[in-house]
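All remarks here apply to the structure that follows.
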Amino acid sequence: MSKSKVLITGNEAIAQGAIDAGCRFYAGYPITPQNELPAYMARQMPAAGGIFIQAESELAAINMVFGAAAAGVRAMTSSSSPGISLKQEGISYIAGAELPAVIVNIMRGGPGLGNIWPAQSDYFQATRGGGHGDYRSIVLAPSSIQEAYELMFLAFDLADKYRIPAIILGDGILGQMMEPLLVDSRLSLVVSERPATSDQQPTTKNWALTGAKGRPPNIVKSFYMKEGDLEKFNLCLQEKYKVIQGKEERFESLFLDDAKLILVAYGTMARIAKSVVQRLRKEGKKAGLIRPITLWPFPQKIFQRLAISDKRLAFLVIEMSYGQMLEDVKLAVCGKAKVEFFGRSGGGVPTEEEIIKKFESLKV
Amino acid sequence: MQKVFGYPKSLRNILTHYCAGCGHGIAHRLIAEVVDELGIREKVIGVAPVGCAVIAYDYWDFDCSEAAHGRALAVATAIKRVRPQNIVFTYQGDGDLAAIGTNETIHAANRGENVTVIFINNAIYGMTGGQLAPTTLLGQKTATTPAGREAKFHGYPLKISEMLALLPAVKYVERAALSSPQEIINAKKAVKLAFQNQIDNLGFSLVEILSPCPTYWGMSPKKALEWMRDVMVKEFPLGRIK
Ligand SMILES: Cc1ncc(C[n+]2csc(CCOP(=O)(O)OP(=O)(O)O)c2C)c(N)n1
Ligand code: SF4
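Taken in sequence, the protein lines are chains A and B. To convert, note that position 347 of the first sequence is 421 in my numbering; the numbers rise steadily by one, no gaps. To convert, note that position 52 of the second sequence is 109 in my numbering; the numbers rise steadily by one, no gaps.
The following block contains the structure:
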C-alpha cells in the first residue's frame, strides 16, 4: 500500500487511473482537447507491461479495442466528439459482441468540426446508444480530477461485470485543468475480478479468445442470421440493461432535505452549480443540488421520490448543451414537479451569475 | 482399410452455405489443413469480417472473432499485440480488404504486424449482390456497372498485393488461384508459408487468392474456372510478389 499526491491534468489522471485499474491496451488517434491522454499512455503503458498504439484513425482505434477486449485484456480508447462519432460503429459492435471496454469522450463543441472548447453536447449520443441497434453503454461523468481517476476503476469493473462498453463522459475543462490527485494503490472500488493482463491468462474471462486449448472454440460475434435468434439475443441484452438500471444508479446530492429548487448538473457544470448552491444557501435560499454520476443508468429514483414527496418543488437543469439531460430529468419527474432549464453550448459555459439570475427569475 | 482422405480436424463437418462452385469453401479447407499440419489449432485465432464468409467461424473448429466490415486488420493487430503467443490471421474479401478497409490494411501492413492475411479476390462483392469491387476487371459487368467497368468512371482494378509489396515492413506477398487442382496445391503452399512466417516471427504476410464467384459473374462453375485461367490471371498474375 502506498499513497502519493501529484499535480496532474484530468486527461493524465484518467490515463493513470486506467493503468492502475489494470488497463493493458490503449489505442487512440489525436484530437484536442484530450491529447495529453494518449501521450501519457505512450509514456507509461510500456512500463506497465501494456500496449500503446497510435492508430491510423478512430475507426482503427476502436476496432483495436474490440480485438484486445476479445482477447481478454482490459482495453480502452479515448477521443473527443468528432472522433467519438467515428467510433460509434465499433462501439455498437462491442455492445453486440458483449465485450468489456472503456471509451473516454472529452467533449468539445459541435456539431461538425465545431470548435475545441468544452461542451456537453454528446449526452444523447452517449446515453442513447449512439451507434446503430438497440444497445446501451454505461456512462460515468466525473466532476473532479480525483473522481476522474477513481471512476476509471469503476468503469473497468462495470465493463467486465456486465460485458458492456463503459463511457467516461468529460469535457475540455475537466481534461485540461490541473488539480492535486491522491493516488492510493489500495484504491479498490472493485466490483468484480481483477484484470487480465497480457502475461496472465484471463482465467475468469472464459469467453475470451486465447486459442481453443482443451475447450470448445470461443466465438466473438454479433451476427445472428437465423430467424428469431437476434430477437432472442436482443431480449437478453435488454434484461441485462434492466439489471444495470436497478443496481448501478449513482449520484451526489446537496441539501435535498429542505430544498425548494434543486439544481441538476453533471461533470464540470456541476462544479459551477455547486458554488451557486453554496452562495444561495448563504443568502438563506433553499437551493439544492443533484449531480448524476451515472448518466446511464440515469439516477431516476431520487427524482421520482422527491417529485412525489413535495408538490412545490422545482428542478433547474443546467447544461453545457441545449437541453439533453433535461429530457431524462423530465422523464424521471414525469410531470409531478416543475422542470426548468438553462444551458449554453458551443464553448459557452454558464456562469454563476447567469444561473443565479435564472434562479431568481423562477421566484421559488 | 486405411483411410486416406477425410475432414481436417480444424474443419467442421457441416452443410455449406456457399453457392455451387464458390471458392470460399476451398479456401476454408486449405486454411484448416494448414492449421492442422502446423499443429497450431489450439493457438490460432481467426478474424473474419463481413462478406460471404461472415460465418467462417461456423466452419472452422478454433477460436474466431468477427470484425466490422473492413476492420479485420485493426482487430487482428490488437489480438496479436496482446497475445503474441497466439497465431492470428484475417480472412477478407476484396470489398473488405481493398475498399472499406484499405486504410486498416495499408497501416497494419506498414506497421509490419506479425499476422497472416488471407485475401480472397473474387473481383466482386458477393454478399450484397454482385456490385463493383475495387478488383473488378475492366469491362466486367456488375450490378453497379451494368455496362461494364470503365476506367474513366470507375478507375482501374486495384492491385493491393503489388502495392503492399512496396512497404518495407511487409515480409511475404504471393498471389494464388483456386482455378485448378495444381493451382490449389500452390495456394495451399502459399498459405502454409504465410502461417509459418508468423510462427517464425517474421512479420506481415499476405496471400491473395483468386477465387470464383460463379453466381455474380453470371457463369457456370466450370465457365468461371475457365474465365479465371483465361482472363482474370492476366490482370492479376500469379506467383510470389515479395
Ligand atoms: C459498414 C458496412 N457497409 C456495408 C456493408 C454491406 N456489405 C456486406 S458484405 C459487403 C461486400 C463484401 O464483399 P467482399 O468483401 O468482396 O466479400 P464477398 O462477399 O465477395 O466474399 C458489403 C458492402 C456492411 N456490412 N457494413
Ligand atoms: S455470392 Fe459468390 S462469393 Fe458469395 S457464396 Fe456465392 S459464389 Fe461465393
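Ideal Cβ positions, reconstructed from N, Cα and C, are used throughout, including at glycine.
For a quick check, are the C-beta atoms of residue i and residue j less than 8 Å apart?
{"i": "residue 325(B)", "j": "residue 293(A)", "result": "The question about residue 325(B) has no answer here: the residues shown for chain B are numbered 58 through 299."}
{"i": "residue 85(A)", "j": "residue 111(A)", "result": "yes"}
{"i": "residue 108(B)", "j": "residue 128(B)", "result": "no"}
{"i": "residue 298(B)", "j": "residue 240(B)", "result": "no"}
{"i": "residue 155(B)", "j": "residue 97(B)", "result": "no"}
{"i": "residue 230(B)", "j": "residue 263(B)", "result": "yes"}
{"i": "residue 266(B)", "j": "residue 233(B)", "result": "yes"}
{"i": "residue 285(A)", "j": "residue 100(B)", "result": "yes"}
{"i": "residue 183(B)", "j": "residue 121(B)", "result": "no"}
{"i": "residue 151(B)", "j": "residue 177(B)", "result": "yes"}
{"i": "residue 389(A)", "j": "residue 346(A)", "result": "no"}
{"i": "residue 353(A)", "j": "residue 426(A)", "result": "yes"}
{"i": "residue 120(A)", "j": "residue 394(A)", "result": "no"}
{"i": "residue 329(A)", "j": "residue 380(A)", "result": "no"}
{"i": "residue 296(A)", "j": "residue 396(A)", "result": "no"}
{"i": "residue 163(A)", "j": "residue 125(B)", "result": "yes"}
{"i": "residue 126(A)", "j": "residue 135(A)", "result": "no"}
{"i": "residue 116(B)", "j": "residue 181(B)", "result": "no"}
{"i": "residue 223(A)", "j": "residue 87(A)", "result": "yes"}
{"i": "residue 226(B)", "j": "residue 143(B)", "result": "no"}
Quick check: the Cα distance between residue i and residue j, rounded to an integer number of angstroms?
{"i": "residue 77(B)", "j": "residue 162(B)", "result": "30 Å"}
{"i": "residue 265(A)", "j": "residue 256(A)", "result": "Confidence at residue 265(A) is low in this model, with a pLDDT of 35, below 50, so the placement of that residue should be treated as unreliable; the coordinate-derived value is given next. If I take the Cα positions, the gap works out to 21 Å."}
{"i": "residue 246(B)", "j": "residue 58(B)", "result": "29 Å"}
{"i": "residue 342(A)", "j": "residue 424(A)", "result": "11 Å"}
{"i": "residue 118(B)", "j": "residue 82(B)", "result": "14 Å"}
{"i": "residue 102(B)", "j": "residue 144(A)", "result": "11 Å"}
{"i": "residue 329(B)", "j": "residue 252(B)", "result": "The requested residue 329(B) is not part of the displayed model; chain B covers only 58 to 299."}
{"i": "residue 407(A)", "j": "residue 212(A)", "result": "22 Å"}
{"i": "residue 142(A)", "j": "residue 369(A)", "result": "26 Å"}
{"i": "residue 189(A)", "j": "residue 422(A)", "result": "11 Å"}
{"i": "residue 437(A)", "j": "residue 217(A)", "result": "29 Å"}
{"i": "residue 358(A)", "j": "residue 350(A)", "result": "12 Å"}
{"i": "residue 221(A)", "j": "residue 242(A)", "result": "11 Å"}
{"i": "residue 332(A)", "j": "residue 360(A)", "result": "7 Å"}
{"i": "residue 385(A)", "j": "residue 214(A)", "result": "30 Å"}
{"i": "residue 419(A)", "j": "residue 244(A)", "result": "14 Å"}
{"i": "residue 233(A)", "j": "residue 154(A)", "result": "20 Å"}
{"i": "residue 251(A)", "j": "residue 114(A)", "result": "15 Å"}
{"i": "residue 102(A)", "j": "residue 372(A)", "result": "28 Å"}
{"i": "residue 239(A)", "j": "residue 188(B)", "result": "34 Å"}
{"i": "residue 231(A)", "j": "residue 174(A)", "result": "9 Å"}
{"i": "residue 269(A)", "j": "residue 96(A)", "result": "Reliability of the predicted coordinates at residue 269(A) is poor, the pLDDT of 45 falling under 50, and no value is obtained from them."}
{"i": "residue 108(A)", "j": "residue 128(A)", "result": "14 Å"}
{"i": "residue 62(B)", "j": "residue 248(B)", "result": "20 Å"}
{"i": "residue 273(A)", "j": "residue 399(A)", "result": "Residue placement at residue 273(A) is poorly supported in this model, since its pLDDT is 42, which falls under 50; the coordinates still yield a value, given next. For residue 273(A) and residue 399(A), the distance between alpha carbons rounds to 42 Å."}
{"i": "residue 481(A)", "j": "residue 160(B)", "result": "No information on residue 481(A) is available, as it lies outside the stretch 75 to 438 that chain A covers here."}
{"i": "residue 206(B)", "j": "residue 295(B)", "result": "22 Å"}
{"i": "residue 201(B)", "j": "residue 376(A)", "result": "56 Å"}
{"i": "residue 275(A)", "j": "residue 172(A)", "result": "Confidence at residue 275(A) is low in this model, with a pLDDT of 41, below 50, so its placement is unreliable and no value can be given for it."}
{"i": "residue 90(B)", "j": "residue 134(B)", "result": "24 Å"}
{"i": "residue 275(B)", "j": "residue 199(B)", "result": "9 Å"}
Would you mind working out which of the options sits nearest residue i, comparing C-alpha positions?
{"i": "residue 197(A)", "options": "367(A), 78(A), 103(A)", "result": "367(A)"}
{"i": "residue 140(A)", "options": "149(B), 194(B), 164(B), 106(B)", "result": "106(B)"}
{"i": "residue 257(B)", "options": "197(B), 95(B), 64(B), 147(B)", "result": "95(B)"}
{"i": "residue 414(A)", "options": "401(A), 116(A), 120(A)", "result": "401(A)"}
{"i": "residue 403(A)", "options": "374(A), 178(A), 79(A)", "result": "374(A)"}
{"i": "residue 258(A)", "options": "430(A), 90(A), 432(A), 433(A)", "result": "90(A)"}
{"i": "residue 93(A)", "options": "106(A), 149(A), 371(A)", "result": "149(A)"}
{"i": "residue 235(B)", "options": "203(B), 130(B), 268(B), 116(B)", "result": "268(B)"}
{"i": "residue 77(A)", "options": "194(A), 314(A), 254(A)", "result": "254(A)"}
{"i": "residue 130(A)", "options": "109(A), 104(A), 122(A)", "result": "104(A)"}
{"i": "residue 277(B)", "options": "199(B), 140(B), 79(B)", "result": "79(B)"}
Give a yes or no on whether 8 Å exceeds the smallest Cβ distance from residue i to chain E.
{"i": "residue 226(B)", "result": "Among the protein chains in the structure shown, which are A and B, there is no chain E."}
Practice task
Can you give me, in chain order, the residues of the stretch 132-165 of chain B that have a beta carbon less than 7 Å from any beta carbon in chain A?
Solution key: 132, 133, 134, 135, 136, 138, 139, 140, 143, 160, 161, 164
Exercise for the section: Residues of the stretch 98-120 of chain B with a CB closer than 8 Å to any CB of chain A: list them in chain order, please. Expected result: 98, 99, 100, 101, 102, 104, 111, 112, 114, 117, 118, 119, 120
Practice task
Determine which residues of the stretch 76-106 of chain A have a Cβ less than 9 Å from any Cβ of chain B, and write them out in chain order.
Solution key: 98, 99, 101
Handout entry: Members of the stretch 118-133 of chain A near chain B, C-beta cut-off 8 Å
Key = 125, 127, 129, 130, 131, 133
Practice task
Check each residue of the stretch 132-153 of chain A: if its Cβ is closer than 9 Å to any Cβ of chain B, include it; give the result in chain order.
Solution key: 133, 134, 135, 136, 137, 138, 139, 140, 141, 142, 143, 144, 145, 146, 147, 149
Practice task
Taking 8 Å as the threshold, find out whether the stretch 162-177 of chain B comes into contact with the stretch 198-211 of chain B through three or more Cβ pairs.
Solution key: no
Handout entry: Selection of the stretch 78-90 of chain B by Cβ proximity to chain A, strictly under 9 Å
Key = none
Practice task
Give, in chain order, every residue of the stretch 202-217 of chain A whose Cβ lies closer than 8 Å to some Cβ of chain B.
Solution key: none
Handout entry: Short-range partners of chain B found in the stretch 288-319 of chain A, where Cβ spacing is below 8 Å
Key = 288, 291, 292, 293, 294, 295, 296, 297, 299
Handout entry: Meets three-Cβ-pair contact criterion under 8 Å: the stretch 306-320 of chain A and the stretch 203-211 of chain A
Key = yes
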